[in-house]
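Taking it in order: structure first as structure tokens, then the write-up.
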Amino acid sequence: MDNALGFELQSDPILSADEVIGLEKQYLLQNYARYPLVLDRGKGCYLYDKAGKRYLDLISGIGVNSLGYAHPRITKVIQKQAALLLHTSNLYYHEYQGRLAQKLSEASGLQRVFFCNSGAEAMEGALKMARSHGRKISPDKFELIALEDSFHGRTFGALSITGQPKYRNDFEPLLPGVKFVPRNSERALEAAFSDNTAAFIVEVIQGEGGIKPVCERMLKKARALCDKHNALLIFDEIQCGVGRTGTYFAYQLFDPIILPDITVLAKPISCGLPMGAILASDKAAAAIAPGMHGTTYGGGPLTTRVAVEFMDILAELLPSITSTGSYFRMRLTELARKFDFIQEIRGVGLMIGIQMSVPGKQMVLDGIEEGLLFNCTHDTVLRFLPPYILSEEEVDRAVEGLERVFTKHVNRQQNL
Ligand SMILES: Cc1ncc(COP(=O)(O)O)c(C=O)c1O
Numbered sequence: 031m032d033n034a035l036g037f038e039l040q041s042d043p044i045l046s047a048d049e050v051i052g053l054e055k056q057y058l059l060q061n062y063a064r065y066p067l068v069l070d071r072g073k074g075c076y077l078y079d080k081a082g083k084r085y086l087d088l089i090s091g092i093g094v095n096s097l098g099y100a101h102p103r104i105t106k107v108i109q110k111q112a113a114l115l116l117h118t119s120n121l122y123y124h125e126y127q128g129r130l131a132q133k134l135s136e137a138s139g140l141q142r143v144f145f146c147n148s149g150a151e152a153m154e155g156a157l158k159m160a161r162s163h164g165r166k167i168s169p170d171k172f173e174l175i176a177l178e179d180s181f182h183g184r185t186f187g188a189l190s191i192t193g194q195p196k197y198r199n200d201f202e203p204l205l206p207g208v209k210f211v212p213r214n215s216e217r218a219l220e221a222a223f224s225d226n227t228a229a230f231i232v233e234v235i236q237g238e239g240g241i242k243p244v245c246e247r248m249l250k251k252a253r254a255l256c257d258k259h260n261a262l263l264i265f266d267e268i269q270c271g272v273g274r275t276g277t278y279f280a281y282q283l284f285d286p287i288i289l290p291d292i293t294v295l296a297k298p299i300s301c302g303l304p305m306g307a308i309l310a311s312d313k314a315a316a317a318i319a320p321g322m323h324g325t326t327y328g329g330g331p332l333t334t335r336v337a338v339e340f341m342d343i344l345a346e347l348l349p350s351i352t353s354t355g356s357y358f359r360m361r362l363t364e365l366a367r368k369f370d371f372i373q374e375i376r377g378v379g380l381m382i383g384i385q386m387s388v389p390g391k392q393m394v395l396d397g398i399e400e401g402l403l404f405n406c407t408h409d410t411v412l413r414f415l416p417p418y419i420l421s422e423e424e425v426d427r428a429v430e431g432l433e434r435v436f437t438k439h440v441n442r443q444q445n446l
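Numbering (my numbering), first residue to last: 31 to 446.
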């Protein structure tokens, strides 16, 4: 008996790392190409595998574990709430939806909030809002515009506005009336808009697409075109939002801010518990009347209470997200001078990409060997989305490890 409860649980750990992998290979849908790492526990910015080896986590469950692992306040809140009430459904009230909605509304400048369980689900709701908004004006006003190389999720609506054929092709036909335009092409955007446009959907910083910011001019143009054609401007801040950039939302990096009609968020908001949300202006929210949208689990007392606690901690953390992010990029820029396959260091706050001229997959595996976790997106971009509590000492450790990873790559090339 190795737990503190005084009785054994059916779910207590019993398997070796090889047995874990074997069981998954036999019984799970084989849709993931997992890295060969079986995780056991975490503390701060570190994860530990079954053998007790330590890894500095620079990807945080793809931007989810915002306060790292076993954060004392988050652990306490989860324990307290687990003993009180986990689920109510949306038939009834509980204290935390309203408290969290108030915090998100004040942080975002958008008046109305809907809670759900994932990024894709938030995007689905936002698309329904856009369709309903358009339909109130004209039956032809259902068209959606999105960017090439975007990523908005795996459900049918979200996939329909995801501008990457590799995610879409196997599932077509998708939603009709979607147009894609290149990032930062104001001309193409203007040409795509008409009075039949219901919404333009954009990640303020493309994540999956390779940590690529959309420029201020493009976003301003989008705001103006949405106003002109009475379409909704939807920012997908699932990856770049909720503190990741050192501001509550990436659209607040601009001065003056470019306020959307709708923002969708997810990943970091509940510190590892599944939660998504739609934040909408009163105008956009008016498209949804009682009965038109809903969810069984969304906005439950556990996830929302954790998120209330998180928002409080985040208010104090924002300055250090900015400063640690700048320090990380500065150290990476220095490192890049030593390796000619590194083309660019991109990003804001703790959302950072290393653009390379070579594929990054092997480097991710070498990183694991070095005790460093990050991933590779768009084939040649190493992506870093560390916990918001990352320290400068941890950045130094990360950069030292990355230098060894890059040196390994150079040696491998020379031995070919
Ligand atoms: C920008 C963006 N939108 C949507 C999604 C989908 O979120 P989820 O995986 O929670 O459905 C993601 C996930 O990576 C994302 O990065």
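The beta carbon of each residue, even a glycine, is placed where N, CA and C say it ideally should be.
Computed from a prediction, not measured in an experiment: that's the story for all the values here.
Residues near residue i in its chain [Cβ-Cβ closer than 6 Å; skip 5 each side]
i      : result
Phe340 : Cys301
Phe371 : Met386, Ser387 and Val388
Three-state secondary structure assigned by DSSP to residue i
i      : result
Leu114 : coil
Asn405 : strand
Cys256 : helix
Gly187 : helix
Asp370 : coil
Ala229 : strand
Tyr418 : coil
Ala63  : coil
Glu267 : coil
Leu192 : Here the sequence assigns Thr to residue 192, which means Leu is not the residue at that position. Of the three classes helix, strand and coil, the one that applies to Thr192 here is coil, per DSSP.
Arg126 : In the sequence as presented, Arg is not what sits at residue 126; that position holds Tyr. Reduced to three states, the DSSP call for Tyr126 is helix.
Asp396 : helix
Tyr327 : coil
Leu446 : coil
Leu204 : coil
Leu303 : strand
Leu344 : helix
Leu39  : coil
Residue i versus residue j: straight-line alpha-carbon distance, rounded
i      : j      : result
Ala152 : Asn226 : 23 Å
Phe284 : Lys55  : 47 Å
Tyr85  : Gly431 : 11 Å
Val394 : Leu344 : 29 Å
Thr407 : Arg442 : 21 Å
Tyr65  : Ala81  : 16 Å
Gly273 : Gly306 : 15 Å
Pro389 : Arg434 : 17 Å
Arg376 : Asn95  : 21 Å
Leu116 : Gly155 : 24 Å
Ala317 : Leu67  : 46 Å
Val411 : Phe358 : 16 Å
Pro349 : Thr192 : 32 Å
Thr437 : Glu422 : 22 Å
Ala47  : Leu97  : 26 Å
Glu238 : Leu309 : 22 Å
Leu451 : Tyr281 : Within the shown structure, residues of the chain are numbered from 31 to 446, placing residue 451 beyond reach of any answer.
Gln385 : Lys166 : 44 Å
Leu88  : Leu45  : 27 Å
Ile287 : Glu220 : 21 Å
Lys368 : Glu374 : 13 Å
Tyr418 : Met381 : 10 Å
Ala150 : Phe144 : 14 Å
Leu58  : Cys245 : 41 Å
Phe172 : Pro298 : 31 Å
Buried or exposed (CB count within 10 angstroms, at least 16 for buried), residue i
i      : result
Asn445 : exposed
Gln40  : exposed
Phe37  : exposed
Cys270 : buried
Gln109 : exposed
Ser190 : buried
Gly321 : exposed
Pro102 : exposed
Arg213 : buried
Gly72  : buried
Arg217 : exposed
Asn447 : Outside the modelled stretch of the chain, which goes from 31 to 446, sits residue 447, for which no answer is possible.
Residues that DSSP places opposite residue i in a beta bridge
i      : result
Arg413 : Gly383 and Asn405
Pro243 : Ile235
Gly377 : Ile382
Lys73  : Tyr76
Ala310 : Arg142 and Ile292
Lys209 : Ile175
Arg84  : Tyr78
Tyr99  : Gly74
Leu262 : Ala229
Residues of its chain near residue i, where Cβ-Cβ distance is below 7 Å and the 5 sequence neighbours each way are ignored
i      : result
Gly379 : Arg274, Thr275, Gly276, Ile351, Thr352 and Gly355
Lys313 : Asp291
Ile241 : Ile235, Arg376, Gly377, Met381, Ile382, Gly383, Val411 and Arg413
Residues near residue i in its chain [Cβ-Cβ closer than 8 Å; skip 5 each side]
i      : result
His259 : Phe223, Ser224, Asp225 and Thr227
Gly397 : Leu403, Phe404, Gly431, Leu432 and Val435
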